[in-house]
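Engineer: Okay, here's the structure, questions in a sec.
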Amino acid sequence: MNSPHDQFTMQDPTTQYPRPEFPSQPQPLPGLAREMLPKPDHGETSYKGFGRLKNRRALITGADSGIGRAVAIAFAREGADIALNYLPSEEPDAREVAKLISDAGRKAVPLPGDISDVGFCTQLVDQAARELGGLDILVNVAGKQQFVDDIAQLDSAQFEATYRTNVFAMFWLCKAALSHMPAGATIINTTSIQSYQPSANLLDYASSKAAITAFTHALAKQLAGKGIRVNAVAPGPIWTPLQPSGGQPQDKVEVFGSEVPMKRPGQPAELAPVYVVLASQESSFVTGEVYGVTGGNHLP
Ligand code: NAD
Ligand code: MG
1 MNSPHDQFTM
11 QDPTTQYPRP
21 EFPSQPQPLP
31 GLAREMLPKP
41 DHGETSYKGF
51 GRLKNRRALI
61 TGADSGIGRA
71 VAIAFAREGA
81 DIALNYLPSE
91 EPDAREVAKL
101 ISDAGRKAVP
111 LPGDISDVGF
121 CTQLVDQAAR
131 ELGGLDILVN
141 VAGKQQFVDD
151 IAQLDSAQFE
161 ATYRTNVFAM
171 FWLCKAALSH
181 MPAGATIINT
191 TSIQSYQPSA
201 NLLDYASSKA
211 AITAFTHALA
221 KQLAGKGIRV
231 NAVAPGPIWT
241 PLQPSGGQPQ
251 DKVEVFGSEV
261 PMKRPGQPAE
271 LAPVYVVLAS
281 QESSFVTGEV
291 YGVTGGNHLP
């Protein structure tokens with residue numbers, strides 16, 4: 001593997017990051033980035049910012065690890081202050097992210113809590129807006145994915161928890177955030193390749209991601225006239241704690257990413273630039289879009 005010192009150095013993307021096989025590494029839910037082998041790259045040593053989000057105020061869910069962590073690092077280095085949401089058990093990961101934001105010279109506001117609760121979602125947005133002095137960007141990254149092979153074994157409790165975390169929370173957070181957002185503000189949701197090419201063992205998760213995609217299209221149309229843009233990112237397989245903590249069977253984790261044309265999983269750092277461009281004024285005419293980052297298993 002090459003060591004990129006920034007996100008601009010030209011190199012072969014197929015060998016830029018580790019390829020399978022990977023060690024077996026089961027983790028209890030929700031998993032920690034610091035326990036993963038090999039360690040994911042969230043851009044800690046590579047992401048270089050240029051003030052593209054100077055003085056913006058952003059709330060990011062799932063900001064402790066994986067894609068959310070990479071987005072938090074990139075946004076801070078682009079000049080944004082950040083409120084971070086994550087589950088209380090993820091405090092060790094979240095502390096590392098808060099320090100990286102402070103090291104970038106920006107404000108980090110840690111706001112742990114469970115977004116599957118409507119009361120917490122409202123409180124989260126209000127507290128983020130209060131502590132940041134307003135809200136310009138909402139990035140919904142938090143998500144729940146637990147594979148179940150047979151619909152007979154998929155219980156209502158899991159189906160509901162998946163939808164509360166992935167779909168209802170997005171609705172509650174968008175609704176609450178809009179009362180704080182000025183024209184020029186942006187919302188970015190996180191859908192998945194699963195929205196278009198669902199796996200047999202991800203019935204609840206894949207269908208919740210399809211709901212996120214349609215919600216993004218519809219809300220974008222509703223808010224365009226107000227000058228608020230809404231887009232989504234659709235990742236393919238990405239090396240994060242979501243997968244070894246029950247997102248995939250362990251034997252699939254060991255060969256994770258081998259099914260895409262690039263023959264490897266993506267790293268969270270490879271998603272961050274897309275969230276940055278969708279959050280910034282550079283994408284002023286882009287709304288209601290879904291941007292795939294899939295290693296070649298493209299969106300339809
Ligand atoms: P991750 O485990 O690092 O991030 C998911 C985060 O969701 C956790 O860190 C946790 O903080 C948060 N979360 C889960 N339940 C929560 C709850 N009830 N309340 C508050 N926070 C909660 O994994 P990731 O892969 O970076 O996942 C980020 C997003 O990317 C998810 O929406 C996921 O569906 C999506 N995604 C991931 C992949 C992949 O292959 N890793 C592919 C497509 C889409
Ligand atoms: Mg996490």
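The sequence shown maps to residues 1 to 300 in the UniProt record's numbering. Ideal placement from N, C-alpha and C gives every residue a C-beta, glycine not left out. Nothing here was measured: the structure is a model prediction, and the numbers come from that model.
Restricting to runs no shorter than 3 residues, where is the beta strand (DSSP E) found entirely within the stretch 121-153?
Structural biologist: Counting whole runs of 3 or more residues, the stretch 121-153 contains the beta strand (DSSP E) stretches 137-140.
Engineer: Taking the C-alpha atoms as reference points, what is the distance between Q146 and G246?
Structural biologist: Each residue's Cα considered, the two are about 5 Å apart.
Engineer: What's the gap between the Cα of P38 and the Cα of P23?
Structural biologist: C-alpha separation (whole angstroms): 8 Å.
Engineer: Can you tell me which residues form a DSSP beta bridge with L84?
Structural biologist: DSSP lists I60 and P110 as partners of L84.
Engineer: Select from E44, P30 and E35 the residue whose C-alpha is nearest the C-alpha of H5.
Structural biologist: Comparing Cα-Cα distances from H5 to each of E44, P30 and E35, the minimum goes to E44.
Engineer: Check for me: the alpha helix (DSSP H) holding I115 runs from which residue to which?
Structural biologist: Per DSSP, I115 belongs to no alpha helix (DSSP H) and is neither H nor E.
Engineer: Taking buried to mean at least 16 other C-beta atoms within 10 Å of its own C-beta, is T14 buried or exposed?
Structural biologist: With fewer than 16 other Cβ atoms within 10 Å, it is exposed.
Engineer: Does DSSP classify M1 as helix, strand or coil?
Structural biologist: Bear in mind that the predicted position of M1 carries a pLDDT of just 44, short of 50, making it too unreliable to give a figure here.
Engineer: Tell me, to the nearest whole angstrom, how far the beta carbon of R229 is from that of T287; I am working on the premise that it is less than 8 Å.
Structural biologist: Between T287 and R229 the Cβ distance is about 4 Å, and since that is below 8 Å, they are a contact.
Engineer: Return yes when at least one heavy atom of the ligand MG lies under 8 Å from the C-beta of E90, else no.
Structural biologist: True, at least one ligand heavy atom lies under 8 Å from that Cβ.
Engineer: Considering just the uninterrupted stretch of the beta strand (DSSP E) at G246, what are its terminal residues?
Structural biologist: Counting along the chain, G246 falls outside any beta strand (DSSP E), and DSSP gives it neither H nor E.
Engineer: Below 8 Å, is the gap between the Cβ of D64 and the nearest heavy atom of the ligand MG?
Structural biologist: At least one heavy atom of the ligand MG is nearer than 8 Å to the Cβ of D64, so yes.
Engineer: So, is G66 buried or exposed, given that buried needs 16 or more other C-beta atoms within 10 angstroms?
Structural biologist: By the 10 Å Cβ count, G66 comes out buried.
Engineer: Thinking just about the alpha-carbon of each residue, which of R34, T186, P20 and V118 is nearest to the one in A94?
Structural biologist: Among R34, T186, P20 and V118, the Cα nearest to that of A94 belongs to R34.
Engineer: Expressed to the nearest angstrom, what Euclidean distance is found between the alpha-carbon atoms of E254 and A177?
Structural biologist: If I take the Cα positions, the gap works out to 39 Å.
Engineer: Are L100 and A76 touching if we call contact CB-CB under 9 Å?
Structural biologist: Yes. Within cutoff.
Engineer: Measuring alpha carbon to alpha carbon, tell me which of T216, V274 and E289 ends up nearest C174.
Structural biologist: Comparing Cα-Cα distances from C174 to each of T216, V274 and E289, the minimum goes to T216.
Engineer: Can you say whether K54 is buried or exposed, counting buried as having 16 or more other CB atoms within 10 angstroms of its CB?
Structural biologist: Answer is exposed; the Cβ neighbour count stays below 16.
Engineer: In this structure, how does DSSP classify R264 when only helix, strand and coil are distinguished?
Structural biologist: Three-state result, R264: coil.
Engineer: When the Cα atoms are used, what is the spatial distance from M262 to P237?
Structural biologist: Spanning the two alpha carbons is a distance of roughly 11 Å.
Engineer: Which same chain residues end up closer than 8 Å to M1 when comparing Cβ atoms and leaving out the 5 residues on each side of it in sequence?
Structural biologist: Reliability of the predicted coordinates at M1 is poor, the pLDDT of 44 falling under 50, and the value obtained from them is presented with this limitation in mind. Result list for M1: T15, Q16, Y17 and P18, in chain order.
Engineer: If I measure Cβ to Cβ from A70 and keep anything under 7 Å in the same chain, skipping five residues before and after, which residues do I get?
Structural biologist: Answer for A70: H42, G43, P268, A269, L271 and A272, listed in chain order.
Engineer: Under the DSSP definition of a beta bridge, which residues are partnered with A232?
Structural biologist: Bridge partners of A232: N189 and V290.
Engineer: Under DSSP, the alpha helix (DSSP H) around D93 begins and ends at which residues?
Structural biologist: First-last of the alpha helix (DSSP H) with D93: E91 to D103.
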